[in-house]
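Engineer:
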Amino acid sequence: MFGRMLCVGAAAFALVVVGCGGSGDDDDGNSGQSLDREESTPRPTRTPTAVDPADLVKLPDDACKLVTPEEVAEFSPQLGAPNALLGGDPKVYKACQWQYNATRDFGTLSVEVRRYYTSESPEEAKARIAEPLETGGEELQGLGDYAVYTSNVDVNIEINGIAKDKVVTVSWTHPESRNKKQELIDLFGEVVGRIP
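44 is the number of the first residue of the sequence shown in our numbering; add one for each residue after it.
(1) Rounded to whole angstroms, what's the CA-CA distance from Arg237 to Val191? Just pull it up for me.
(2) What's the C-alpha gap between Glu182 and Gly123?
(3) Could you tell me which whole beta strand (DSSP E) segments of length 3 or greater appear in the segment 91-165?
(4) Please identify the residue among Thr212, Ser153 and Glu226 whose C-alpha is closest to the C-alpha of Arg171.
(5) Within 10 angstroms of the Cβ of Ala106, are there 16 or more other Cβ atoms? Answer buried if so, exposed if not.
(6) Go ahead and pull the three-state DSSP assignment for Glu233.
(7) Three-state secondary structure (DSSP) at Gln225?
(8) For the beta strand (DSSP E) containing Ser194, name the first residue and the last one.
(9) Who does Thr212 pair with in a DSSP beta bridge?
(10) If I follow the unbroken beta strand (DSSP E) through Leu183, where does it start and stop?
(11) Apart from the five residues on each side of it in sequence, which residues of its chain come closer than 7 angstroms, Cβ to Cβ, to Asp79?
(12) Helix, strand or coil: how does DSSP classify Ile238 here?
(13) Since Lys209 contacts Val156 with CB under 8 angstroms, what's their CB separation in whole angstroms?
(14) Can you name, in chain order, every residue of its own chain whose Cβ lies under 6 angstroms from the Cβ of Ser119, other than the five neighbours on each side?
(15) Cβ of Gly180 within 8 angstroms of Cβ of Thr193?
(16) Distance, Cα to Cα, Lys108 vs Gln140?
(17) Is Glu233 buried or exposed, if buried means 16 or more other CB atoms sit within 10 Å of its CB?
Right, here's the structure in full:
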């Protein structure tokens, strides 16, 4: 009989504890009543961190892998091994370059992929890329979201464009660079297809 009373008493106590547990108790188990003890320090609250949308833009791991050795050879068999260009934050900018220098000849093939500038919207990036159209640049269709070919000096041709929320630049510098316009256009299309 004593055992039965002990069980009933324990069950009643448990019911009282459970009944009080969800009625406004704070994290320390206080039910809002004033206690004669020192207040505990408040627990730090977690503030959700804002995610910069640009952090979600994935760049290629290695810009040198955006161009095949066969594509490099189309510009010049003298071009050396790829050289990843290190500069700036690799989360913002990836680039690669192939080059050679001879006594009377030189050549540099470059590929760059980067995020928009910090304060630049996609529309502002497009407007910046379109600026050479006023001085003889040529808008190219079917290459990414937008692309412009420029050749402002005899030794350099370049395509700047927007594709997959990134700014892409492919350029060829050589004394007879304009002879490789179509190859550069084709290469730009291949690079755009390979970026993440």
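By construction, the Cβ of each residue, glycine as well, lies at the ideal position given by its N, Cα and C atoms.
Structural biologist: Based on what the coordinates show:
(1) 19 angstroms
(2) 31 angstroms
(3) 126-128, 136-144 and 149-157
(4) Thr212
(5) buried
(6) Reduced to three states, the DSSP call for Glu233 is helix.
(7) DSSP places Gln225 in helix when its eight states are reduced to three.
(8) Tyr189 to Val196
(9) Glu155 and Asn203
(10) Glu181 to Leu183
(11) Residue placement at Asp79 cannot be trusted, given a pLDDT of 49 that sits under 50; what the coordinates show is reported in the next sentence. Here the set comprises nothing.
(12) coil
(13) 5 angstroms
(14) Gly150
(15) A contact, by the Cβ cut-off of 8 angstroms.
(16) Answer to the nearest angstrom: the Cα atoms are 11 angstroms apart.
(17) exposed
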